[in-house]
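Undergrad: Same order as they appear, the protein sequences are chains S and P. Just so we're aligned, residue 0 is where the first sequence starts under numbering that gives the first Met the number 0, counting upward by one. Just so we're aligned, residue 0 is where the second sequence starts under numbering that gives the first Met the number 0, counting upward by one. Think of the CB as a built atom: it goes at the ideal place given N, C-alpha and C, for glycine as much as any other residue. Model, not experiment: these values are computed from the prediction. My questions will all concern the structure given below.
There are 2 protein chains.
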Amino acid sequence: MNDLLIKALNRQAVPRTPVWIMRQAGRYLPEYRAVREKASFLEMVYTPELAAEVTVQPVDIIGVDAAIIFSDILVIPHAMGLEMDVFEGQGPVFEKPLRSVEAVEKLPIPQDSKLLQATCDAIRLTRTTLDNRVPVIGFAGAPWTLAAYMLEGRGSKTFQYAKSFLFNEPRAMHQLLDKLTRAVTSFLLQQIEAGASAVQIFDSWGGFLTEEQFRAFSLPYLTKIVDNLKDSGIPLILFARGANHSLQELAATGAHALGIDWQTSLAAVREKLGNQVALQGNLDPAALYAGPEILEVEVQKVINAYGNGHAHVFNLGHGITPQTPVENVKLLVETVRNYSPRFHAADEAILLQNGTPA
Amino acid sequence: MNDLLIKALNRQAVPRTPVWIMRQAGRYLPEYRAVREKASFLEMVYTPELAAEVTVQPVDIIGVDAAIIFSDILVIPHAMGLEMDVFEGQGPVFEKPLRSVEAVEKLPIPQDSKLLQATCDAIRLTRTTLDNRVPVIGFAGAPWTLAAYMLEGRGSKTFQYAKSFLFNEPRAMHQLLDKLTRAVTSFLLQQIEAGASAVQIFDSWGGFLTEEQFRAFSLPYLTKIVDNLKDSGIPLILFARGANHSLQELAATGAHALGIDWQTSLAAVREKLGNQVALQGNLDPAALYAGPEILEVEVQKVINAYGNGHAHVFNLGHGITPQTPVENVKLLVETVRNYSPRFHAADEAILLQNGTPA
Numbered sequence: 000m001n002d003l004l005i006k007a008l009n010r011q012a013v014p015r016t017p018v019w020i021m022r023q024a025g026r027y028l029p030e031y032r033a034v035r036e037k038a039s040f041l042e043m044v045y046t047p048e049l050a051a052e053v054t055v056q057p058v059d060i061i062g063v064d065a066a067i068i069f070s071d072i073l074v075i076p077h078a079m080g081l082e083m084d085v086f087e088g089q090g091p092v093f094e095k096p097l098r099s100v101e102a103v104e105k106l107p108i109p110q111d112s113k114l115l116q117a118t119c120d121a122i123r124l125t126r127t128t129l130d131n132r133v134p135v136i137g138f139a140g141a142p143w144t145l146a147a148y149m150l151e152g153r154g155s156k157t158f159q160y161a162k163s164f165l166f167n168e169p170r171a172m173h174q175l176l177d178k179l180t181r182a183v184t185s186f187l188l189q190q191i192e193a194g195a196s197a198v199q200i201f202d203s204w205g206g207f208l209t210e211e212q213f214r215a216f217s218l219p220y221l222t223k224i225v226d227n228l229k230d231s232g233i234p235l236i237l238f239a240r241g242a243n244h245s246l247q248e249l250a251a252t253g254a255h256a257l258g259i260d261w262q263t264s265l266a267a268v269r270e271k272l273g274n275q276v277a278l279q280g281n282l283d284p285a286a287l288y289a290g291p292e293i294l295e296v297e298v299q300k301v302i303n304a305y306g307n308g309h310a311h312v313f314n315l316g317h318g319i320t321p322q323t324p325v326e327n328v329k330l331l332v333e334t335v336r337n338y339s340p341r342f343h344a345a346d347e348a349i350l351l352q353n354g355t356p357a
Numbered sequence: 000m001n002d003l004l005i006k007a008l009n010r011q012a013v014p015r016t017p018v019w020i021m022r023q024a025g026r027y028l029p030e031y032r033a034v035r036e037k038a039s040f041l042e043m044v045y046t047p048e049l050a051a052e053v054t055v056q057p058v059d060i061i062g063v064d065a066a067i068i069f070s071d072i073l074v075i076p077h078a079m080g081l082e083m084d085v086f087e088g089q090g091p092v093f094e095k096p097l098r099s100v101e102a103v104e105k106l107p108i109p110q111d112s113k114l115l116q117a118t119c120d121a122i123r124l125t126r127t128t129l130d131n132r133v134p135v136i137g138f139a140g141a142p143w144t145l146a147a148y149m150l151e152g153r154g155s156k157t158f159q160y161a162k163s164f165l166f167n168e169p170r171a172m173h174q175l176l177d178k179l180t181r182a183v184t185s186f187l188l189q190q191i192e193a194g195a196s197a198v199q200i201f202d203s204w205g206g207f208l209t210e211e212q213f214r215a216f217s218l219p220y221l222t223k224i225v226d227n228l229k230d231s232g233i234p235l236i237l238f239a240r241g242a243n244h245s246l247q248e249l250a251a252t253g254a255h256a257l258g259i260d261w262q263t264s265l266a267a268v269r270e271k272l273g274n275q276v277a278l279q280g281n282l283d284p285a286a287l288y289a290g291p292e293i294l295e296v297e298v299q300k301v302i303n304a305y306g307n308g309h310a311h312v313f314n315l316g317h318g319i320t321p322q323t324p325v326e327n328v329k330l331l332v333e334t335v336r337n338y339s340p341r342f343h344a345a346d347e348a349i350l351l352q353n354g355t356p357a
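Below is the structure:
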């Protein structure tokens, strides 16, 4: 198997930087759109054959070093009984958002949920199809991000309801976050059981908390999940978008890797964190709209910014957009393959083993 | 005149922390909505009597320490010939966005524009109505933010067109930013001439640039504007949302104050910057949805986070939302008035004069 990703996440020596792309199974691919024409988004998520089909597409077409299972962070709230609709261009909407302390108290933790099972079955199918070509990444939303969505009912510029609840009902908020922590843990362990070789937690709305709120309402639950998964031996990537005020605290959770958003300089992050965690990221997704010469330079800049060493996983700093030209995505992967080996000289491995910043 | 704001911006001793609120002349006020029912948003912006009326409202109703002129950052592009429409709930839209190098080359720098004159006339009227009760703040959008809007044509989650232009046509991008820098400078000087006692530059989309892009495409132009306004003797506030990677560089521009967004800890920012600039902010606007006891504590936390010293202007870390209850805004102002004097002990003034962090 191509084990570049797993080795890099474990900070072991690799001959080049591995690369995958957030939302790589997505609308920018004509092959994805062809599947999507025949099925709704949720049908794709909940039909293991379809989910597995689009999961494998970017491995075949783009040549990425990992497949991330096609699913959605909101399958957990859905499995907890929140009815969900997906409207084109608007994203998922919960018809009846969680809006009371009583609703939080009554909320069940999903057990043997068929909805969650579908993602695990999709992982099994994907592994069979991939036949060990590349590892499969499982994922879940972070408790705060899921709670924000469940309280708000939809994506939002302000998360008015979620933030009001946090301010006015902190005890119930913690109860909700605790239930979600248990649900996320159990779902990730099921995905690992089904064959995920790495997992990522998306705290997509981490940036909707102040530094103080993040440390009270998100970080402790991320820490618990990392602890709960430690025994699995499976590397875990934490991606808390917009929470750059807490990178040191996120590294201290014991996660194997941190996802870094594109606004942040990877050089500055590495200077701050050294080699204590692997770093994943962080090309500006808009660079994929640039001409090929410019794109190549932008990809090289990210690799330069990380510098020498093995604990870098190349990715975007946010999900790929539907408008991205496929040929640019191929060029990105090719550039990482060709340009990164010079940063993986043999002696770097020794430096890294000794824990010295390379 | 209540000169708390001007003194705090100039880092002079004040008996308490001054307070104003971004978008304080806005939809959360029934009195604003009453004016808005009779006129469109653009009619309000371009009718000095109406603009002055809503500008004064929060001084009378909420008791803030400054009036910020009711206008819009997009009056400059509008005055440069981009036709603008405002749709309810969507914000302004340019019918024909700037999409070519030729369009940038042809773009005129506004001279004697009636559109810009309206804001200056509104400042004159506001000063007359206020009769020196509180100072009037003028403002403009930052060159990058205006350019992003002009290229994109509307608000965006990705600023695809603006970012593509930045990558593919960097020379034309710099030409556009240079033109906007000249337009912003001239507009701010006109506002000062009309009676603005302080000015703020909003780089609202600063967070849509990477650290490297911000330093190449925004910071140099902010620096030029600060330089251009130095001789006016009028204090200038820079608010670059989401550009916390560059706070030290923003302070080094020579701006009198930096606006700080609500995600960031004011304590951490002050620790980093000391007393070299005044700091403005940074309550989470969502705290205004909280109950009164909780809101009071949240306001106090921001004042505590700044700590002892005179160079703090209390504000939100983002604009106030239309859903905010008016009584909470009054409570916010009252809390700043009552709680902040303890951080303004006489000896702090001496410390500050000597340049020692208080």
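(1) Leaving aside the five residues before and after P340 (chain P) along the sequence, list all residues of the same chain whose C-beta is less than 7 Å from its C-beta, in chain order.
(2) Thinking C-beta only, is A146 (chain P) closer than 9 Å to G205 (chain P)?
(3) For R35 (chain P), which of P:L208, P:T54, P:S112 has the nearest alpha-carbon?
(4) Scan the region 160-172 of chain P for residues whose Cβ lies nearer than 7 Å to a Cβ of chain S and list them as they occur along the chain.
(5) Would A286 (chain S) count as contacting chain P if we go by Cβ distances under 9 Å?
(6) Quick check on the burial criterion: 16 or more other C-beta atoms within 10 angstroms. Buried or exposed for T144 (chain S)?
(7) Within a Cβ cutoff of 7 Å, which residues of the same chain sit near S196 (chain S), ignoring the five residues on either side of it in sequence?
(8) Measuring only the C-alpha atoms, how far is T125 (chain S) from Y305 (chain S)?
(9) Any heavy atom of the ligand COA closer than 8 Å to the CB of S155 (chain S)?
(10) On the CB-based measure, 16 or more other CB atoms within 10 Å of its CB, does Q89 (chain S) come out buried or exposed?
(11) Pull up the distance between the alpha-carbon of S264 (chain P) and that of A239 (chain P), whole angstroms please.
(12) Cβ of I363 (chain P) within 9 Å of Cβ of L28 (chain P)?
(13) Do L282 (chain S) and V268 (chain S) have their beta-carbon atoms positioned less than 9 Å apart in this structure?
(14) Taking Cβ to Cβ, would you say V103 (chain S) is nearer than 9 Å to A139 (chain S)?
(15) For a contact meaning CB atoms closer than 9 Å, what does I302 (chain P) contact in chain S?
(16) Anything in chain P within Cβ reach of A51 (chain S), meaning under 9 Å, just list it in chain order.
(17) Identify which residue in S:L294, S:I200, S:P324 has its Cα closest to the Cα of Y220 (chain S).
(18) Taking all protein chains shown into account, do 16 or more other C-beta atoms lie within 10 angstroms of the C-beta of A7 (chain P), making it buried, or fewer, making it exposed?
(19) Distance, Cα to Cα, V74 (chain S) vs S155 (chain P)?
(20) Quick check on P107 (chain S): buried or exposed, where buried means 16 or more other Cβ atoms within 10 Å of its Cβ?
(21) Please list the partners that I293 (chain P) has in chain S, where partner means a Cβ-to-Cβ separation under 7 Å.
(22) Note down, one range per segment and in chain order, each beta strand (DSSP E) of at least 3 residues found wholly within the region 53-92 of chain P.
(23) Which residues does DSSP pair with A239 (chain P) in a beta bridge?
(24) Report the option in S:C119, S:L235, S:L179 whose CA atom is closest to the CA atom of Y148 (chain S).
(25) Is the shortest distance between the beta-carbon of A267 (chain S) and the beta-carbons of chain P less than 9 Å?
(26) Count the C-beta pairs between the region 286-302 of chain S and the region 155-169 of chain P that are closer than 8 Å, then say yes if the count reaches three, no if not.
(27) Taking the alpha-carbon positions, what's the L278 (chain S) to H244 (chain S) distance?
(28) Taking L106 (chain P) as part of the beta strand (DSSP E), name the residues at either end of that continuous run.
(29) What does Q262 (chain P) reach in chain S if we use C-beta pairs closer than 8 Å?
(30) In three-state DSSP terms, what is Q189 (chain S)?
(31) Consider the Cβ of F313 (chain P): report whether some Cβ of chain S lies at a distance smaller than 9 Å.
(32) From what residue to what residue does the alpha helix (DSSP H) around F207 (chain S) run?
(33) Of the residues that make up the region 305-331 of chain P, which ones have a beta carbon closer than 7 Å to any beta carbon in chain S?
(34) Can you give, in chain order, each stretch of the beta strand (DSSP E) that sits fully within the region 116-177 of chain P and has at least 3 residues?
(35) Are the Cβ atoms of H309 (chain S) and Q11 (chain S) separated by less than 9 Å?
(36) Terminal residues of the continuous beta strand (DSSP E) containing N281 (chain S)?
TA: From the atom records:
(1) Position 341 of the second sequence holds residue 340 (chain P). For P340 (chain P), where only same-chain residues beyond five positions count, the Cβ hits under 7 Å are P14, R15.
(2) Indexing the second sequence from 1 puts residue 205 (chain P) at position 206. Indexing the second sequence from 1 puts residue 146 (chain P) at position 147. Not a contact, by the Cβ cut-off of 9 Å.
(3) What you label residue 35 (chain P) is simply residue 36 of the second sequence in a count that begins at 1. Here the closest residue by C-alpha is P:T54.
(4) K162, S163, F166, N167
(5) Locating residue 286 (chain S) in the first sequence gives position 287, counting from the first residue. True, the Cβ-Cβ gap to chain P drops below 9 Å.
(6) As a working mapping, residue 144 (chain S) is identified with position 145 in the first sequence. So T144 (chain S) ends up on the buried side.
(7) Here residue 196 (chain S) corresponds to residue number 197 of the first sequence, with the count starting at 1. If we look at S196 (chain S) and ignore the five residues flanking it on each side, its Cβ neighbours are I5, P134, V135, I233.
(8) In the first sequence, counting from the first residue as 1, residue 125 (chain S) sits at position 126. In the first sequence, counting from the first residue as 1, residue 305 (chain S) sits at position 306. Each residue's Cα considered, the two are about 31 Å apart.
(9) The ligand COA is not part of the structure shown, which contains no ligands of any sort.
(10) Taking the first residue of the first sequence as 1, we reach residue 89 (chain S) at position 90. By the neighbour-count rule (16 or more Cβ atoms within 10 Å), Q89 (chain S) is not buried but exposed.
(11) Stepping through the second sequence from its first residue, residue 264 (chain P) is reached at position 265. Stepping through the second sequence from its first residue, residue 239 (chain P) is reached at position 240. Rounded to the nearest angstrom, the two C-alpha atoms are 15 Å apart.
(12) What the structure shows of chain P is the stretch from 0 to 357, and residue 363 (chain P) is not part of that stretch, so it cannot be assessed.
(13) Taking the first sequence and counting its residues from 1, one reaches residue 268 (chain S) at position 269. Taking the first sequence and counting its residues from 1, one reaches residue 282 (chain S) at position 283. No, the pair does not count as a contact, with Cβ atoms beyond the cut-off.
(14) One-based indexing of the first sequence puts residue 103 (chain S) at position 104. One-based indexing of the first sequence puts residue 139 (chain S) at position 140. Taking 9 Å as the Cβ cut-off, V103 (chain S) and A139 (chain S) do not qualify as a contacting pair.
(15) The count along the second sequence starts at 1 and reaches residue 302 (chain P) at position 303. None at all; the shortest Cβ gap to chain S is about 14 Å.
(16) Locating residue 51 (chain S) in the first sequence gives position 52, where the first residue counts as 1. Ordered by position in chain P, no residue passes the 9 Å Cβ test against A51 (chain S), which lies about 29 Å from the chain.
(17) Taking the first residue of the first sequence as 1, we reach residue 220 (chain S) at position 221. That would be S:I200, whose Cα lies nearest to the Cα of Y220 (chain S).
(18) For the purposes of this step, residue 7 (chain P) is taken as the residue at position 8 of the second sequence. Under this definition A7 (chain P) is a buried residue.
(19) As a working note, residue 74 (chain S) is residue 75 in the first sequence. As a working note, residue 155 (chain P) is residue 156 in the second sequence. Answer to the nearest angstrom: the Cα atoms are 27 Å apart.
(20) Looking up residue 107 (chain S) in the first sequence gives position 108. Result: exposed.
(21) By 1-based counting over the second sequence, the position of residue 293 (chain P) is 294. What I293 (chain P) touches in chain S: F166, N167.
(22) 83-86
(23) Residue numbering aside, residue 239 (chain P) sits at position 240 when the second sequence is read from its first letter. The partner list for A239 (chain P) (beta bridge, DSSP) reads P:D202.
(24) Numbered from 1 along the first sequence, position 149 holds the residue referred to as residue 148 (chain S). Comparing Cα positions, the closest option is S:L179.
(25) Position 268 of the first sequence, counting from 1, holds the residue named residue 267 (chain S). Answer yes: the Cβ-Cβ gap between A267 (chain S) and chain P drops below 9 Å somewhere.
(26) yes
(27) The residue you call residue 278 (chain S) lines up with position 279 of the first sequence. The residue you call residue 244 (chain S) lines up with position 245 of the first sequence. For L278 (chain S) and H244 (chain S), the distance between alpha carbons rounds to 16 Å.
(28) Working through the second sequence from its first residue, we reach residue 106 (chain P) at position 107. Looking at the DSSP string, L106 (chain P) is not in any beta strand (DSSP E), and its letter there is neither H nor E.
(29) The count along the second sequence starts at 1 and reaches residue 262 (chain P) at position 263. Near Q262 (chain P) (Cβ distances below 8 Å), the residues of chain S are G206, L208, T209, E210, G241, H244.
(30) The count along the first sequence starts at 1 and reaches residue 189 (chain S) at position 190. Three-state result, Q189 (chain S): helix.
(31) Counted from its first residue, the second sequence places residue 313 (chain P) at position 314. Output row for F313 (chain P): interface = no.
(32) Stepping through the first sequence from its first residue, residue 207 (chain S) is reached at position 208. Where F207 (chain S) is concerned, there is no enclosing alpha helix (DSSP H), given that its DSSP letter is neither H nor E.
(33) T320, Q322
(34) 135-140
(35) On the first sequence, residue 309 (chain S) is found 310 positions in, with the first residue counted as 1. On the first sequence, residue 11 (chain S) is found 12 positions in, with the first residue counted as 1. Their beta carbons are under 9 Å apart, which means H309 (chain S) touches Q11 (chain S) by this criterion.
(36) For the purposes of this step, residue 281 (chain S) is taken as residue 282 along the first sequence, with counting starting at 1. Per DSSP, N281 (chain S) belongs to the beta strand (DSSP E) from 277-282.
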